[in-house]
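**Q** 61 is the number that the numbering used here gives to position 42 of the sequence shown; each next residue is one higher, with no gaps.
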Amino acid sequence: MYAVLLPIAIFLFFYFRRKDVYDLHHAILGLLFSVLVTAVLTDGIKDAVGRPRPDFFWRCFPDGKDIYDQLGDVICHGQTSIVKEGHKSFPSGHTSWSFAGLGFLSLYLSGKIKAFDRRGHVSKLCIVFLPLLIASLVAISRVDDYWHHWQDVFAGGLLGLTVAIFCYLQFFPPPYHAEGWGPYAYFRELEESRAASQATNVNSKNAQSTEAHIGCQQDERNNNAFMGISLAGDSSLKAEDLESGRR
Numbered sequence: 020m021y022a023v024l025l026p027i028a029i030f031l032f033f034y035f036r037r038k039d040v041y042d043l044h045h046a047i048l049g050l051l052f053s054v055l056v057t058a059v060l061t062d063g064i065k066d067a068v069g070r071p072r073p074d075f076f077w078r079c080f081p082d083g084k085d086i087y088d089q090l091g092d093v094i095c096h097g098q099t100s101i102v103k104e105g106h107k108s109f110p111s112g113h114t115s116w117s118f119a120g121l122g123f124l125s126l127y128l129s130g131k132i133k134a135f136d137r138r139g140h141v142s143k144l145c146i147v148f149l150p151l152l153i154a155s156l157v158a159i160s161r162v163d164d165y166w167h168h169w170q171d172v173f174a175g176g177l178l179g180l181t182v183a184i185f186c187y188l189q190f191f192p193p194p195y196h197a198e199g200w201g202p203y204a205y206f207r208e209l210e211e212s213r214a215a216s217q218a219t220n221v222n223s224k225n226a227q228s229t230e231a232h233i234g235c236q237q238d239e240r241n242n243n244a245f246m247g248i249s250l251a252g253d254s255s256l257k258a259e260d261l262e263s264g265r266r
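(1) May I ask you to list the residues that DSSP assigns as paired with V54?
(2) Please state whether DSSP places Y203 in a helix, a strand or coil.
(3) Report the residue from S160, T99, H113, W166 whose alpha carbon sits nearest the alpha carbon of T61.
(4) So what does V93 bridge to, in DSSP terms?
(5) Would R207 be called buried (16 or more neighbouring beta carbons within 10 Å of its own) or exposed?
(6) Assuming P110 and D171 form a contact by the criterion Cβ under 8 angstroms, report the distance between their Cβ atoms to the nearest whole angstrom.
(7) Buried or exposed for A258, going by 16 or more other Cβ atoms inside 10 Å?
(8) Who are the near neighbours of I153 in its chain, counting only those whose CB is closer than 7 angstroms to its CB and skipping five residues on each side?
(9) From G49 to G83, what distance separates their C-alpha atoms?
(10) Looking only at C-alpha atoms, which of C79, S125, S115 sits nearest to Q98?
(11) Could you pull the start and end residues of the alpha helix (DSSP H) that H113 belongs to?
(12) Are the CB atoms of G139 and A158 within a distance shorter than 9 angstroms?
(13) Start and end of the alpha helix (DSSP H) containing W77?
(14) Report the CB separation of A119 from A214 in whole angstroms; it is logged as a contact under 8 angstroms.
(15) Taking only the alpha-carbon atoms, compute the straight-line gap between S125 and D163 and give it to the nearest angstrom.
(16) How would you write the range of the alpha helix (DSSP H) that R72 sits in, first residue to last?
(17) Is it true that the stretch 32-46 meets the stretch 195-205, where meeting means three or more beta-carbon pairs spaced less than 8 angstroms apart?
(18) Near F33, what residues of its chain come up, given a Cβ to Cβ distance below 7 angstroms and the 5 sequence neighbours on each side ignored?
(19) Output yes or no for whether 9 angstroms exceeds the beta carbon distance between P26 and S129.
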């Protein structure tokens with residue numbers, strides 16, 4: 020739950036600061052997508068590999084007495100569900116989920132605070148690596164609790180982080196990109212808004228030009244009509260003057 024709730028809390032913090040619904044929507048969607056894909060892959064690999072956990076002996080022989088048949092095969096007399104769970108050591112589920120959720124958060128933070136802007140801010144890198152440190156502590160605890168081998172947590176962390184990177188890049192530009200602080204949808208909406216604004220300005224200019232042209236034509240007609248009335252009302256003008264005026 021911490022691999023989901025903690026990132027969502029960070030997403031909400033940035034949402035209340037910037038009021039960007041596109042960022043919040045795609046961040047939560049990418050996070051859930053990352054954790055879900057990682058969980059499906061992890062469970063599938065667990066069932067396919069079936070590697071025993073480090074504590075499998077006590078799962079198989081709860082009383083500490085190992086029993087074998089005449090051929091030397093192990094006869095487990097532990098609880099069936101516990102023995103079955105003991106064959107799901109590789110890869111570590113808690114580790115893969117932690118790196119899927121917290122790895123996604125690390126990428127999100129690196130884009131938001133522009134950690135790769137080439138200005139050498141070590142404090143930004145500390146913020147970026149903090150979620151990965153938490154995920155690493157979870158992985159270490161699984162080995163200390165004797166639930167996984169070190170290879171299990173290493174593979175689980177690699178799996179979760181790989182899925183997190185792919186899912187993050189589906190919704191956000193790379194963190195080192197100039198536009199890495201926002202989702203693709205935000206910039207796409209911004210481009211569409213600019214295009215619509217430019218089209219509106221062009222239409223407005225065309226309308227103003229048309230109105231000006233019509234106004235000029237109307238003024239010309241009025242001037243011609245005024246000249247005609249003036250000439251017709253002046254009886255002192257001769258026919259020759261009218262003819263020369265026409266020419």
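The beta carbon of each residue, even a glycine, is placed where N, CA and C say it ideally should be.
**A** So, from the data block:
(1) Answer by DSSP bridge pairing: none, since V54 is not bridged.
(2) It is helical.
(3) H113
(4) Y87
(5) exposed
(6) 5 angstroms
(7) Its pLDDT being 49, under 50, A258 is placed unreliably by the model, and the measurement read from it follows with that caveat. It is exposed - the Cβ of A258 has fewer than 16 other Cβ atoms within 10 Å.
(8) L121
(9) 46 angstroms
(10) C79
(11) Its alpha helix (DSSP H) spans residues 112-131.
(12) no
(13) 75-79
(14) The Cβ separation is near 37 angstroms, so there is no contact.
(15) 25 angstroms
(16) Where R72 is concerned, there is no enclosing alpha helix (DSSP H), given that its DSSP letter is neither H nor E.
(17) yes
(18) Sequence-distant partners of F33 (beyond 5 residues in either direction) whose C-beta falls short of 7 angstroms from its own C-beta, in its chain, are D42, K131.
(19) no
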